[in-house]
């Protein structure tokens with residue numbers, strides 16, 4: 006059975022980047038994360054930071070573009086990202102991290118395994134303390150802010166609830182588990198993924 010495209014969404018501090026790398030290595034698949042931004046930036050003729058801002062601060066980016074006299078908008082850049090994601094998925098199985106890949110750009114593809122990683126706040130805060138060399142107060146503020154920003158982004162620009170678990174095929178709690186074990190769960194599911202039976206994510210509403 007052919008492997009699917011694995012679209013991985015993750016909360017801040019769940020170890021998603023490490024887990025995605027482990028999955029890609031184990032399955033022998035290309036891994037796309039920052040590469041998506043780089044390709045979209047090249048396509049749009051702007052910097053990767055500008056493309057990244059369209060996924061985080063569209064309002065601020067739009068005001069900046071207007072001030073610079075640019076005709077492009079953050080929505081245009083998000084469409085460019087979606088085009089890059091569709092091209093990557095069409096090329097064959099891969100692991101794609103973030104960028105609303107599973108929920109938006111690839112939502113109509115039945116060959117996409119949509120994974121969501123979550124964990125208790127306390128454990129995510131502890132991980133960010135270690136990973137980002139932050140104090141507990143700084144780490145907790147970072148985790149909660151990123152959670153709120155991501156949920157608001159999906160709601161405002163796509164009318165989607167990021168936490169709607171019906172939009173994912175595999176939901177895993179990484180709290181209290183080592184990353185290789187979580188990666189093994191994803192690999193096991195991918196190896197037995199039935200594209201025809203799974204179908205696409207449900208429509209909005």
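Residue numbers (the working numbering): 6 to 210.
We put the beta carbon where it would ideally sit given N, CA and C, even for glycine.
Residue range 10-15 is occupied by the beta strand (DSSP E) that includes residue 14. Rounded to the nearest angstrom, the Cβ distance from residue 188 to residue 24 is 5 Å, consistent with a contact under 8 Å.
Taking C-alpha positions only, residue 199 is separated from residue 107 by approximately 16 Å. In the structure shown, the three-state DSSP call for residue 42 is helix.
DSSP places residue 170 within a helical segment (H, G or I) once states are collapsed to three. It is roughly 8 Å from the alpha-carbon of residue 177 to the alpha-carbon of residue 120. Per DSSP, reduced to three states, the secondary structure at residue 197 is coil, with no helix or strand assignment.
Taking a cut-off of 8 Å for Cβ pairs, the region 123-130 and the region 30-45 do not touch, as fewer than three such pairs fall below it.
By the C-beta criterion, the region 81-94 is judged not to be in contact with the region 127-144, since fewer than 3 inter-stretch pairs fall below 8 Å. Ranked by how close their Cα comes to the Cα of residue 170, the residues 180, 182, 197, 14 have 14 in first place. Residue 99 and residue 37 do touch by the CB rule: their CB atoms are close to 6 Å apart, below 8 Å.
If you look at residue 175, you'll find it in the beta strand (DSSP E) that goes 175-178. Per the C-alpha coordinates, the member of 27, 19, 156 positioned closest to residue 191 is 27. Remark: three or more beta-carbon pairs, one from each stretch, lie closer than 8 Å, so the region 154-164 and the region 103-118 are flagged as touching. Annotation: residue 30 is outside any beta strand (DSSP E); the continuous alpha helix (DSSP H) that includes it extends over 21-32.
Listed as beta-bridge partners of residue 37 by DSSP are 101. When rounded, the separation of the alpha-carbon atoms in residue 86 and residue 47 is 11 Å. The alpha-carbon separation between residue 152 and residue 52 amounts to approximately 25 Å.
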